[in-house]
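So the structure is just underneath, and the comments pick up after that.
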Amino acid sequence: MSAIEVVNVSRRYQLGSVAVPALRDVSLRIAANAFTVLSGPSGSGKSTLLNLLGGLDHPDSGHVIVAGQRLDTLDDNRLSDFRARHIGFVFQHFNLLPVLTARENVEYPLLLAGVAASERRRRSTELLDAVGLADRAANLPGQLSGGQRQRVAIARALALRPALVLADEPTANLDSHTGAAIIALMRDMQRQYQTCFVFSSHDAQLLAAADHAVLLRDGQLQAPAAVQEAA
Amino acid sequence: MNTLQLAARNLIRNRRRTLTTLLAMIVGVVAVLIFGGYDRNIRLGLETDFVRGSGHLQIQHRDYFLFGSGNPAAYGIRDYAQLMQKLQADPQLVPLLQVVTPVLDLGGIAGNFAAGVSRTVYGRGVDVAGQNQLKQWNAYRMVGLPQRSVALTGTAPNAAVVGTGVARVLQLCAALNVAGCPQPLPVHPQGSAMPADLAALPVVAPAANVGRVQIELLAARASGAPNVASLQVVKAEQQGVKALDDISVQLHLAQAQQLVYGQDTPQVSAIVLQLRHSSDMPAARARLVQLLQGGSQPLVVQDFATLNPQYGQITGMFAAILGFVAVLIGAIVLFTVGNTMSMAVVERTVEIGTLRALGLRQAGIRRLFVSEGLLLGAGGALLGSLLALGVAWLINHSGLTWLPPGNSERIPLLVRVAGEYGMLLATATGLIVLSVLSAWWPARRAARLDIVEALRHA
Ligand SMILES: Nc1ncnc2c1ncn2[C@@H]1O[C@H](COP(=O)(O)OP(=O)(O)OP(=O)(O)O)[C@@H](O)[C@H]1O
Ligand SMILES: [Mg+2]
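Protein chains in written order, with the numbering used here: chain S, 14 to 244; chain F, 56 to 513.
Below, the structure written as structure tokens:
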């Protein structure tokens with residue numbers, strides 16, 4: 014069963030009078046409950062594709078289906094609600110809210126979804142525990158290391174048990190040791206929470222940990238075989 | 056963690072900018088409130104002054120206000136005592152009324168024949184007890200406007216109080232101890248005695264001329280030849296407005312009536328009504344109009360603002376200045392908060408992208424920044440009001456004085472901020488509304504940011 018379907022998607026960026034094709038007629042399926050890595054050289058379109066998968070951006074042609082929902086049929090509000098419900102994000106720069114504590118950051122998606130306070134607290138406790146930060150719940154992001162911040166971000170991404178977690182180069186801002194620990198954690202969480210993780214990465218460690226790999230080059234899928242495999 | 060809490064934390068996180076913005080707002084609020092308090096004090100001070108002088112409402116002949124000064128005697132109110140009784144017995148009016156007292160105005164010529172000088176004057180006959188009651192009015196608890204008795208209090212029936220200008224022209228300054236009153240150079244060969252034709256007129260009160268300072272007042276009568284009375288001037292009083300100071304003569308009502316009406320039934324020019332509270336004016340006026348309807352005389356009710364046009368002029372001027380100050384400060388607040396919020400939006404672009412990615416709707420982003428504007432406005436309003444109260448207290452206790460227009464004595468410079476809930480509320484509301492408005496545009500811009508672009512923001 015696939016969590017994501019990408020159907021004939023193209024995305025161009027307009028640079029002055031020149032249209033730069035970032036993705037060219039990409040079609041693929043990404044398996045649910047698996048660990049998929051998007052790889053490819055810099056500028057190949059990994060981030061562009063992830064943004065389309067996450068409903069942060071819209072393709073110029075083609076469409077994306079996430080958890081059975083065609084994203085292009087949603088207006089901005091419903092797309093926002095859809096992201097809140099079904100998609101978790103992990104960013105390269107962690108992107109925690111600086112004025113919220115670790116716990117509050119984890120609870121934020123739950124708050125958006127209208128989860129009751131006691132349930133929020135229960136889940137944030139559980140998640141912070143799972144990422145090994147039970148004792149840092151009251152700390153602000155500024156008081157945490159990069160690795161710790163990324164752990165909080167992972168806990169936040171998983172708070173609502175989304176169908177899909179997207180991570181654009183989640184280890185690029187971490188040293189290789191911490192990066193490895195984060196990868197192990199994500200792998201672990203992916204299994205534990207039975208979700209679909211999709212990454213972009215140059216990181217060989219990540220590639221090795223992945224169930225599936227999708228290779229992009231110049232905005233196109235490199236190995237049709239990989240698509241088959243992912244499907 | 057609701058939106059307001061989040062907004063508060065963001066404001067606290069950016070302490071310095073928040074404080075600078077608050078400071079600008081506080082200065083603005085203090086300026087508006089202090090000037091507003093000053094305006095308030097002047098407005099109420101003038102009102103108190105006028106209400107003590109001419110009451111809240113006056114019943115007059117329909118044409119008296121416009122034409123009466125030409126011939127006051129011709130526009131008198133007949134049977135005024137009866138009318139006053141009727142008013143004072145009316146169950147609807149009684150709870151509103153403080154004082155009901157008659158006055159009689161007259162035009163005439165005052166002469167100091169000993170010095171061979173005379174001048175046209177405007178006389179006002181008053182009931183001393185009524186006037187003294189009028190002077191007690193202090194509904195606004197004004198400080199520095201003493202509730203003094205009128206100078207005619209306890210004087211002989213033929214006593215008079217003149218304006219210092221009258222004293223000057225009639226060369227009574229020395230006798231009345233008027234300071235700063237130069238003697239004129241002789242312009243004409245001076246007459247030596249009362250002209251024979253004037254001396255031949257019937258003298259109303261010759262027996263009472265016991266005082267040192269005596270003038271003759273020749274007054275136009277309602278009908279027939281003019282009357283003349285010998286008046287004993289007890290005091291020269293500065294009238295504030297020079298035009299008035301130069302012509303004013305105040306005398307006892309009975310004396311004035313004798314002059315104008317002689318042996319005829321006496322009348323008055325106006326019945327002065329003072330209310331307990333100025334806010335009762337519309338009600339009292341409506342009732343008066345009702346009571347006057349169908350009477351045998353064409354009587355109307357005038358309010359103090361109509362009778363004293365300078366009230367409207369002065370308060371209008373202050374209102375215009377206050378409005379100008381408020382608009383200016385409003386504009387500054389608008390730009391300050393707008394700028395602060397714009398900077399916040401730029402600085403927190405990545406955060407905005409993140410929140411959007413996490414599923415916060417555009418409206419949520421807007422709400423977040425508008426809440427920050429709201430909190431800034433509320434904080435500025437609160438702190439500004441508190442500071443304004445403190446500054447007002449300092450000013451009120453500093454012993455500063457000023458000379459209000461139309462006054463002859465310096466009075467304490469006061470600002471009324473404490474207890475002026477309407478003004479405080481209006482200022483606070485205005486500031487908060489402005490803050491929210493000026494946060495609205497940056498908030499809208501934040502909400503419309505492209506998510507991917509926002510997340511890529513360095
Ligand atoms: N906002 C943009 N405006 C113009 N061109 C863009 C924009 N974003 C991406 N591109 C272009 O689209 C192409 C794909 O970019 P993308 O960021 O998806 O690459 P990537 O695979 O994520 O690269 P990297 O590994 O360096 O992150 C590149 O040629 C890039 O220059
Ligand atoms: Mg990228």
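Where a beta carbon is used, it is the ideal one built from N, C-alpha and C, also for glycine.
Within-8 angstroms CB hit, residue i to chain F
| i | result |
| --- | --- |
| Arg135(S) | no |
| Gly127(S) | no |
| Tyr26(S) | no |
| Asp89(S) | yes |
| Ser93(S) | yes |
| Gly67(S) | yes |
| Val112(S) | yes |
| Phe48(S) | no |
| Asn186(S) | no |
| Ala194(S) | no |
| Arg83(S) | no |
Pair within 8 angstroms by beta-carbon distance, residue i and residue j
| i | j | result |
| --- | --- | --- |
| Val323(F) | Ile132(F) | yes |
| Val491(F) | Gly432(F) | yes |
| Gln287(F) | Ala230(F) | no |
| Gln235(S) | Gly53(S) | yes |
| Val388(F) | Ala86(F) | no |
| Val19(F) | Leu189(F) | The shown model of chain F, from 56 to 513, leaves out residue 19(F), and the question about it has no answer. |
| Phe359(F) | His111(F) | yes |
| Val181(F) | Leu308(F) | yes |
| Ala115(S) | Leu146(S) | yes |
| Val77(S) | Leu69(S) | no |
| Gly91(F) | Met478(F) | yes |
Min CB distance residue i to chain S below 8 angstroms
| i | result |
| --- | --- |
| Arg421(F) | no |
| Arg72(F) | no |
| Gly428(F) | no |
| Val405(F) | yes |
| Leu61(F) | yes |
| Gly434(F) | no |
| Gly91(F) | no |
| Leu413(F) | yes |
| Thr58(F) | no |
| Val491(F) | no |
| Gln368(F) | no |
Buried or exposed (CB count within 10 angstroms, at least 16 for buried), residue i
| i | result |
| --- | --- |
| Asn213(F) | buried |
| Ser137(S) | buried |
| Ile376(F) | exposed |
| Asn363(F) | buried |
| Leu177(S) | buried |
| Glu464(F) | exposed |
| Pro237(S) | Any reading at Pro237(S) must be qualified, since the residue scores a pLDDT of 47, below 50, and its modelled position is unreliable; the value itself is stated next. Classification for Pro237(S): exposed. |
| Ala16(S) | buried |
| Leu51(S) | buried |
Contacting residues, own chain, Cβ-Cβ under 6 angstroms from residue i (five flanking each side not counted)
| i | result |
| --- | --- |
| Val217(F) | Val288, Ala291, Val304 |
| Asp160(F) | Pro127, Arg179, Ser324 |
| Leu455(F) | Leu468 |
| Glu18(S) | Arg42, Ile78 |
| Leu200(F) | Thr103 |
| Asp73(S) | Ser23, Arg24, Arg25 |
Neighbourhood of residue i by C-beta, 8 angstroms cutoff - its chain only, sequence neighbours within 5 removed
| i | result |
| --- | --- |
| Pro497(F) | Gly393, Met396, Ser397, Ala399, Val400, Phe424 |
| Ala263(F) | Bear in mind that a pLDDT of 39 at Ala263(F), under 50, signals an unreliable position, so the number given afterwards is only what the model happens to contain. The residues are Ala211, Pro212, Asn213, Ser285, Gln287. |
| Leu510(F) | Val405, Gly408, Thr409, Ala412 |
| Ile450(F) | Ile89, Leu468, Leu469, Val470 |
| Leu430(F) | Leu59, Ala62, Ala63, Leu66 |
Chain-order list of residues whose beta-carbon lies under 7 angstroms from that of residue i (same chain, five-residue window excluded)
| i | result |
| --- | --- |
| Ser426(F) | Thr58, Leu59, Ala62 |
| Leu140(S) | Val119, Ala168, Leu171, Ala172 |
| Lys297(F) | Gly220 |
| Gly160(S) | Leu187, Thr191, Ala194, Ile195 |
Under 8 angstroms: do the stretch 193-200 of chain F and the stretch 160-178 of chain F share three or more Cβ pairs, one atom per stretch?
no
Any chance the stretch 502-509 of chain F sits against the stretch 111-119 of chain F, with 3 or more Cβ pairs inside 8 angstroms?
no
Are three or more beta carbon pairs between the stretch 215-226 of chain S and the stretch 170-189 of chain S nearer than 8 angstroms?
yes
With three or more beta-carbon pairs closer than 8 angstroms as the criterion, would you say the stretch 88-95 of chain S touches the stretch 414-422 of chain F?
yes
Taking three-plus beta-carbon pairs below 8 angstroms as touching, is the stretch 102-121 of chain S in contact with the stretch 79-91 of chain S?
no
Tell me, please, whether the stretch 139-155 of chain F touches the stretch 329-344 of chain F by the rule of three or more beta-carbon pairs shorter than 8 angstroms.
yes
Touch check for the stretch 26-33 of chain S and the stretch 189-203 of chain S: three-plus C-beta pairs under 8 angstroms?
no
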